[in-house]
Structure formats: C-alpha cells, structure tokens
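Asker: Heads up: the sequence shown is residues 38 to 587, going by this note's numbering. C-beta atoms are modelled at their ideal positions from N, C-alpha and C, and glycine is treated no differently.
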Amino acid sequence: MCGIWAIFGSPDDTSIQCNAAHKITHRGPDAFRIETIHHFPTCCLGFHRLAIVDDLQGMQPMRVFRYPHVWLIYNGEIYNHQQLQKEFDFHYATKCDGEAIIHLYAQGGIEFAAKHLDGVFSFCLLDTANRKVFLGRDTYGVRPMFRLYNDNGFLAVCSEAKGLIGLSQEAYSEHVEPFLPGHVETYKLDMLGKASFEERIRFHKIGETPAYKTVAEIQDNNEVEKNIRILFEAAVEKRLMAERRIGCLLSGGLDSSLVASILAKKAKEMKLSYRIQTFAIGMENSPDLLAARKVANFLETEHHEVVFTPEEGIAALEDVIYHLESYDVTTIRASVGMFLLSKYIKEKTDTTVILSGEGSDEIAQGYIYFHNAPSGADADIESKRLCEDLYMFDVLRGDRSTSAWGLEIRVPFLDHKFSSYYLSLSDSIKQPQKGVEKYLLRSAFDGIDLLPKDILWRPKEAFSDGVSSKTRSWFEILQEFICEQVNDSDLESRALTYKHNTPRTKEALYYRQIFEKFYPEQGDWIPYYWMPKWTGATDPSARTLKHYKQ
C-alpha cells in the first residue's frame, strides 16, 4: 500500500502544487519523495511509501540503469515478478516486485506489460525518450487511482481524489474521475510537457483467463471442488509475499474465516517466525465477535477483539467519509467498523499487511438477494455486474479504511486465476442451493477439518450488520441519531440541490452533505446507491430482507 501522485503540463508553479501530494501521506508513512524531471519543468512525480518488499532499494520514483529513460511510480504488489524474471530472462537491479513493470514495458509495450502482471496495481510510467505517459490499473481496481485531464494539456494522477482537488484554479474547474480498472491509457507530451490523450485499451476483462502462467494450474476440469481449493489456496499463499508482519481481518463469517484458516495453515508450512494475528470488531456480544472468537480458537491464532460503542462509531463518520471519498449508504455503514479496527491494528500491533475476504460475495453469489434470482443466467449476469463495480463499493471500502491507517489490505478472492475459474463454471452450480448461499464454495472446503462446520455453513451476515447486536442493528442506531440531525424540510429540498443520486432518506442526505463539504460537485464518482436486487428493498441492510429473518 503506497500513494502515488503526478502532474504533467502544469500551468502553475509545480513547487506549490506539490503540497497537494501530502493529502495522501497516510497511504505511505514510511518515506516520501517528490521529483521533477530534467527537461520536463512542468512535470512532477510524488510517492509516499509503505515499505513491504525490498526496504533498501524499493523507493520510488523507480529507475534502473538498463532503462534510464523510464520513470515509474506504482502502488501495488506484483506476485509473479520472480516467475517473469525467469520466463523472460530479466536482469533486475532490485528485489522490488514492481521493477517487473519496467522490464515488461521495455520488452513489449504497456499493454503487454499490464497483461502479464499477476497482482494488484495502479501505476504511472513516464518514458522520457518517447515523451509518453502511461497509466494502468488492475482488473478489479483493488488499488485506486484518480485522473484529472483537460484540453489545455494538464494531466494529474493520484491514488486518492483528495490529492487532485484544488490543484489550481484551472484544474479545479475540471472533473476528477476514477481511472477505469483493467485499462491502460497513453498520453503524449509536447515540448512544454503538456499532455494529449492518445488511446485507452482494456487489457483484461473480468472472467477472462489471465495471459500469464502461474504455479497452480488445473489438471482436471471435472474436479470442480478440488480445483476451487487448489486455486484459492494458491491465491492466499502468493499473498504472503512481505517483509512485514501479516495478519487477517476475521468477522467469523465464511469469507474471512476461509482466508484466515488457509493463512494460518500456510504460515505453519512456511515456518513464519510469528503467530498469525487475527482481528475482529463489533459491539458488545455482536454475532461477529462471538463467531470470530470461535474461529480464532480453532486456528490457534493470536486473536484481538475490539469492542466499540455507538457513540464511537458515530464520532468516526466524518473521518470515514473523508477517507472513503464516497457517500454510498451501505459502504459508509460497513466502513466504520473496518476503519476503527484498522486504527487499533496500527496503534496496538506490529501487523502491517492484512488479508481480508472482500470479493467473495460478488464472485460466488453470496448476497442474500441471490436466493431471489429468476434464473441461473440472471444470477450470473448480476454477479459479473457486481464484480465490474467492486472498485466503487467493497473494494473501495477495504482500501480506504485500511490505508487511512497505513496498512496494506490483500484480497485473495479477487485473485485473477481463482476468480476467472469460478466465474467460468456453469450457472446452475454457482447459485444458492438448499436455501444456502455460496453452497459450492462451502462444499469445496467441507469435510477437510479446515473450519468448524457451523462456521463453514454460517449464513451470510453483512459486515455492517454483524458488528451490531441481534436486537439493535448498527443501521438502526445510525438512523436514530441522524433523524435528530436532519429535519424533514431539508430532505424535501435536496432534490433541487443534488440532482444526481438524489438522497431519499435522512441518512443518505446526512452522508451526502458531509461528502460535499470535502468534495463539492463530485457526486458522480458513484453512479448509484448500492441496493439488493429482486427484493423491492428500500434499505441496503440484509437484515431487512425476508430471507434473513427466516
């Protein structure tokens, strides 16, 4: 987890504009560097580092003697950098995984490079010899990137939008946009360093088999459950690439429990010098705390529990919305617990890399409303739609809630090899079966003593619901508080103020007003409010759905 920031063709004093890079200091608290480029006076590259791999030589902007005209800043992890070195006979100058991007670009161009990366990333590569800038982002958008570009040749890039807001009077009038996952873009720089857009290419689509080779390959397509186990275990194992302590978020639900169990297993096999730490959060006696405690005891992890009060959760709302850069209702509800838990991990432990279960519900049709899908084909379409939009919702939540406290999150369910295989399976076997969502995923790990059976088959509980008690949900606590902050007349008048995603509830309005305070007129960063489908629901909480109550 790091923070990247860059400007090209700046109409203003770059030494002043560079101050904007400090708005993302939280993403990389270990080191900071900002550089101007010789013969490119209107350009600047900035980097905040969280040192995970190659502490000695991994600082950025990265350059290597073999390709001195290439400058690279990136945020991410390239898990197959050693395999790429062997496959293409690359001569690395560092032990840093991201160096592979430079060599792949030199080997076959930017699309070739992006296609061969097994990992998560957002990058900005400057080729001074050819006067070109290349931007790229991983398939699911696990690592964030925003872009600002105008017709006057000003291009700015940052890991978070806050580093681009207010760069200059000219830039402020332009719209900051999230960079599309799975794409690379090319810009040409003129002699003044001003940028002009050349092309955008989608290098990989969700569900497509990746171009690169992996250690774990499927031997028999008919052994579905075995293949799921092989690919998912490989997804977790490759994410142990780190020189810092690794831990795991643990809600006690299926997804985080599977990740924690395989992490604990691999840690023992690799003889790590420390016990895996697991972390759970909730209000007193919440379902998540109780279930997570059972899993941790079973796995013999060093378990940490954080109990928060309604008052502490409410007090965090403004900071959460600032870091999220979103006003989506369910995203904010779920982020509060994750934000407070990340704060605890940063302040009370030495764990820096944390694995988590994001992506499973989208890949494996885990949301309760999938029980209502009209057909397997409809469910498959909805699953892939959710995957396409993950970068605006759960992936965004995971990244911002953890990076706010200088932690790095890793999400094995969004491994390209695993997810492309799972999404390729027939529609019928991916659907909920026998009244249980993610039946196939649960079955794949049943009977091998990886988890307690009641945890493996624990029904879906949304993170924002699981942290609260059965009698009084977190969303109800929030709504009661907000009802006293927003009056009826304010809600009625908001349709005139917010024409895009007009708030329909006091809770939505309250979040939108905080968002607009930090990011005025940027409401279209999210295209819609996340809501369950095929239900007629008016609230995103799973606890309002009939199937949950049954």
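Just the Cα atoms here: how many angstroms apart are Gly347 and Glu222?
Answerer: Reading off the sequence shown, one finds Pro at residue 347, where the question assumed Gly. When rounded, the distance between both Cα atoms is 44 Å.
Asker: Could you have a look at Lys242 and say whether DSSP puts it in helix, strand or coil?
Answerer: Lys242 falls in the coil class under three-state DSSP.
Asker: What residue from Pro489, Ala410 and Ser397 has the CA that sits closest to Ser457's CA?
Answerer: Nearest C-alpha to Ser457: Ser397.
Asker: If you draw a straight line from the alpha carbon of Ser510 to that of Gly146, how long is it in whole angstroms?
Answerer: Taking the straight line from one Cα to the other gives about 51 Å.
Asker: Use the C-beta contact count for Pro577: other C-beta atoms within 10 angstroms, 16 or more gives buried, fewer gives exposed.
Answerer: Classification of Pro577: buried, given that the 10 Å Cβ count is 16 or more.
Asker: Out of Pro496, Cys81, Asp227 and Phe345, which has the shortest C-alpha to C-alpha gap to Leu204?
Answerer: Considering only alpha carbons, the answer is Cys81.
Asker: Under 7 Å: does the beta carbon of Glu474 sit that close to some heavy atom of the ligand GDP?
Answerer: The ligand GDP is not among the ligands present in this structure, which contains no ligands whatsoever.
Asker: Can you tell me whether DSSP reads Tyr209 as helix, strand or coil?
Answerer: Bear in mind that a pLDDT of 46 at Tyr209, under 50, signals an unreliable position, so the number given afterwards is only what the model happens to contain. It is helical.
Asker: Looking only at its own chain, which residues have a Cβ that is under 6 Å from the Cβ of Lys60, when we skip the five neighbours before and after it?
Answerer: Once the five neighbours on either side are set aside, the close Cβ partners of Lys60 are Lys199 and Gly200.
Asker: Just grab the DSSP bridge partners of Lys169 for me.
Answerer: DSSP lists Asp164 and Lys225 as partners of Lys169.
Asker: What's the C-alpha gap between Tyr548 and Lys169?
Answerer: If you take the alpha carbons of Tyr548 and Lys169, they lie about 40 Å apart.
Asker: Please go through the same chain and pick out, in chain order, the residues whose beta-carbon is closer than 6 Å to the beta-carbon of Thr575, but skip the five residues on each side of it.
Answerer: Correct list: empty, nothing qualifies.
Asker: On the DSSP bridge assignment, give the partners of Gly470 in chain order.
Answerer: Per the sequence shown, residue 470 should be read as Gln rather than Gly. Gln470 pairs with Val473.
Asker: Taking the straight line between their C-alpha atoms, what separation do you get for Val343 and Thr386?
Answerer: Between Val343 and Thr386, the C-alpha separation is close to 13 Å.
Asker: Please state whether the Cβ-Cβ distance between Thr439 and Ile405 is less than 8 Å.
Answerer: Going by C-beta atoms, Thr439 is not nearer than 8 Å to Ile405.
Asker: Does the Cβ of Asn259 have 16 or more other Cβ atoms within 10 Å, making it buried, or fewer, making it exposed?
Answerer: Classification of Asn259: exposed, given that the 10 Å Cβ count is below 16.
Asker: Out of curiosity, what's the CA-to-CA distance linking Leu444 and Arg282?
Answerer: Approximately 11 Å, taken between the alpha carbons.
Asker: Tell me whether Leu87 sits in a helix, a strand or coil according to DSSP, three-state version.
Answerer: Reduced to three states, the DSSP call for Leu87 is coil.
Asker: Is it right to say Leu287 is buried, meaning 16 or more other beta carbons lie within 10 angstroms of its own, or is it exposed?
Answerer: Buried.
Asker: Tell me which residues share the same chain as Glu321 and place their Cβ nearer than 8 Å to its Cβ, disregarding the 5 neighbours each side in the sequence.
Answerer: So the qualifying residues of the chain are Val344 and Ser506.
Asker: When the Cα atoms are used, what is the spatial distance from Thr176 to Ser159?
Answerer: The alpha-carbon atoms of Thr176 and Ser159 are separated by roughly 10 Å.
Asker: Among Arg370, Ile71, Ala371 and Ala143, which residue has its Cα nearest to the Cα of Pro105?
Answerer: Checking every option, the nearest Cα to that of Pro105 belongs to Ala143.
Asker: Quick one: what's got a C-beta closer than 7 Å to Trp567's C-beta in the same chain, skipping five residues either side?
Answerer: Answer for Trp567: Asp365, Thr367, Thr368, Phe430 and Pro577, listed in chain order.
Asker: With Phe316 as the anchor, note down where its beta strand (DSSP E) starts and where it stops.
Answerer: Element bounds for Phe316: Gln314 to Gly319.
Asker: Name, in chain order, the residues that DSSP records as bridge partners for Ile74.
Answerer: The partner list for Ile74 (beta bridge, DSSP) reads Phe77.
Asker: Start and end of the beta strand (DSSP E) containing Gly219?
Answerer: Here Gly219 belongs to no beta strand (DSSP E), and DSSP marks it neither H nor E.
Asker: Would DSSP call Ile202 helix, strand or coil?
Answerer: Three-state result, Ile202: coil.
Asker: Is there a Cβ from chain D that is less than 8 Å from the Cβ of Val296?
Answerer: Looking at the structure shown, chain D is missing, and only one protein chain is on hand.
Asker: Where are the alpha helix (DSSP H) runs, 4 residues long or more, that stay fully inside the segment 91-170, in chain order?
Answerer: Runs found: 118-125, 136-145 and 147-152.
Asker: For Tyr311, count neighbouring C-beta atoms within 10 Å of its own C-beta (all shown protein chains included) and say buried if the count is 16 or more, exposed if not.
Answerer: Exposed, by the Cβ-count rule.
Asker: Given a threshold of 16 other Cβ atoms within 10 Å of its Cβ, counted over all protein chains shown, does Asn112 qualify as buried or as exposed?
Answerer: Classification of Asn112: buried, given that the 10 Å Cβ count is 16 or more.
Asker: Going by C-alpha to C-alpha distance, which of Cys520, Asn538 and Glu362 sits closest to Glu544?
Answerer: Cα-wise, what sits closest to Glu544 is Cys520.
Asker: Buried or exposed for Ala208, going by 16 or more other Cβ atoms inside 10 Å?
Answerer: Confidence at Ala208 is low in this model, with a pLDDT of 46, below 50, so the placement of that residue should be treated as unreliable; the coordinate-derived value is given next. Classification of Ala208: buried, given that the 10 Å Cβ count is 16 or more.
Asker: Can you tell me where the beta strand (DSSP E) with Arg422 in it begins and where it stops?
Answerer: Not the beta strand (DSSP E): Arg422 falls in the alpha helix (DSSP H), residues Gly413 to Asp426.
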